[in-house]
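Please read the structure below before turning to the comments.
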DNA sequence: GTTCAATATGTTATAGTGTAACAATTACAA
DNA sequence: TTGTAATTGTTACACTATAACATATTGAAC
């Protein structure tokens, strides 16, 4: 579960990050895909925080033989991570977040706190069911769904953030 | 209702567009907002089709005193239309669609047909309810939700599109 | 261990999406 | 009429993402 919800103040982020990385390695080994240095570097940047990060923001945090990597390097790594379920693209932000659940296929709801800018995902089968039913009612055959919610996480709401 | 679902082959698009424009005018009059020429031009381009259109695609269809309008002109008009509920931004496409329902506030599910590229919206209270409940379960206070589904509309699915 | 195909990288250039900033103008109500 | 808010005109730029193509690396088959 590590960081599928907004992290508490006290959460051990070092362990959280390490776990997620280990999960990723296990997952990729299982499907014979390779976590190359570029890919790992991007994943680690994503795992460093619980915020969504844009490709160029990621770029700026990677030291690539003394240079900053080219956009294509980042986008390739992101495509790989997303296609293997190790990261999600957040459409409403044009940004990316790490996902700790690569092992079980899921179509999570993404929650975006507009105060602390952290993101979290939540697996709610009822949402998927409601969407599938609505689609079926109109004859639409779904394929891929995006559910993103902006608002305040419990911590920021409790603090009285606007 | 006009075009809240995928239009049938036989639908009278001329009437559909005219109705939507009239609805928009009524709605804006009611809130004392102005449908200026630029705004109306953008709305009309959106109403011309049931596809989502990017800002630059819209730009190319507008004759603005013999020139093509600057991006800022289009984005201002789009911001206005979206904020008054006359258009939706489709996050997963970075594109916009006209919305015929400005009068009743709604958080629709957007369906995107990847074969015919048309888009439609569908109002399913059960989806909103499922999302609200999921959010509440985690203490998140929602504010704005995005629900987009890619797949095949009934017509394309029936035709056996991949 | 060589060869082959598939996968991944390096690099440059460019396409596509969206805003900032500020001056000028217009609409409308006091 | 005069002031204020909303809207427009314009230039420039920032951010997001992909195309294209050459090179190199990997791993499996022989």
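Protein chains in written order, with this note's numbering: chain L, 164 to 325; chain S, 164 to 325.
By construction, the Cβ of each residue, glycine as well, lies at the ideal position given by its N, Cα and C atoms.
CA-CA distance, residue i and residue j?
i, j, result
"residue 300 (chain L)", "residue 301 (chain S)", "29 Å"
"residue 256 (chain L)", "residue 241 (chain S)", "18 Å"
"residue 185 (chain S)", "residue 263 (chain S)", "10 Å"
"residue 279 (chain S)", "residue 313 (chain S)", "12 Å"
"residue 276 (chain S)", "residue 229 (chain L)", "45 Å"
"residue 178 (chain L)", "residue 219 (chain S)", "46 Å"
"residue 191 (chain L)", "residue 239 (chain L)", "16 Å"
"residue 283 (chain S)", "residue 171 (chain S)", "12 Å"
"residue 333 (chain L)", "residue 317 (chain S)", "The question about residue 333 (chain L) has no answer, for chain L in this structure spans 164 to 325."
Assign residue i to buried or exposed, taking buried as 16 or more other Cβ atoms, counted over all protein chains shown, within 10 Å of its Cβ.
i, result
"residue 309 (chain L)", "buried"
"residue 202 (chain L)", "buried"
"residue 194 (chain S)", "exposed"
"residue 288 (chain L)", "exposed"
"residue 323 (chain S)", "exposed"
"residue 321 (chain L)", "exposed"
"residue 200 (chain L)", "exposed"
"residue 204 (chain L)", "buried"
"residue 281 (chain S)", "buried"
"residue 235 (chain L)", "exposed"
Excluding the 5 residues flanking residue i on each side, which residues of the same chain have their C-beta closer than 8 Å to its C-beta?
i, result
"residue 305 (chain S)", "294, 295 and 298"
"residue 315 (chain S)", "276, 277, 278 and 324"
Assuming residue i and residue j make a contact with CB atoms under 8 Å, what is their CB distance in whole Å?
i, j, result
"residue 210 (chain S)", "residue 216 (chain S)", "With a Cβ gap of about 11 Å, residue 210 (chain S) and residue 216 (chain S) do not count as contacting."
"residue 285 (chain S)", "residue 271 (chain S)", "6 Å"
Give me, in chain order, the residues of the same chain whose beta-carbon lies closer than 6 Å to that of residue i; leave out the 5 immediate sequence neighbours on both sides.
i, result
"residue 248 (chain L)", "265"
"residue 180 (chain S)", "210"
"residue 225 (chain L)", "204 and 232"
What does a CB cutoff of less than 7 Å around residue i pick up in its chain, not counting 5 residues either side in sequence?
i, result
"residue 243 (chain L)", "202"
Give, in chain order, every residue of the region 223-247 of chain L whose Cβ lies closer than 9 Å to some Cβ of chain S.
none
What are the residues of the region 299-321 of chain L that lie near chain S, defined by any Cβ-Cβ distance shorter than 7 Å? Across the region 299-321 of chain L, CB contacts with chain S closer than 7 Å involve 301, 302, 303, 304, 305, 306, 307, 308, 309, 310, 311, 312, 313, 314, 315, 316, 317 and 320, in sequence order along the chain.
What residues in the region 283-296 of chain L bring their beta carbon closer than 8 Å to a beta carbon of chain S?
-> 283, 285, 287, 289, 290, 292, 293, 294 and 296
Open item on the list: Tell me which residues of the region 205-219 of chain L have at least one Cβ-Cβ distance to chain S shorter than 7 Å, keeping chain order.
Closed with: So nothing in the stretch comes that close.
**Asked** Going along the chain, which residues of the region 247-258 of chain S sit with their C-beta nearer than 7 Å to a C-beta in chain L?
**Response** 254 and 255
Closer than 7 Å, Cβ to any Cβ of chain S: which residues of the region 176-196 of chain L, in chain order?
none
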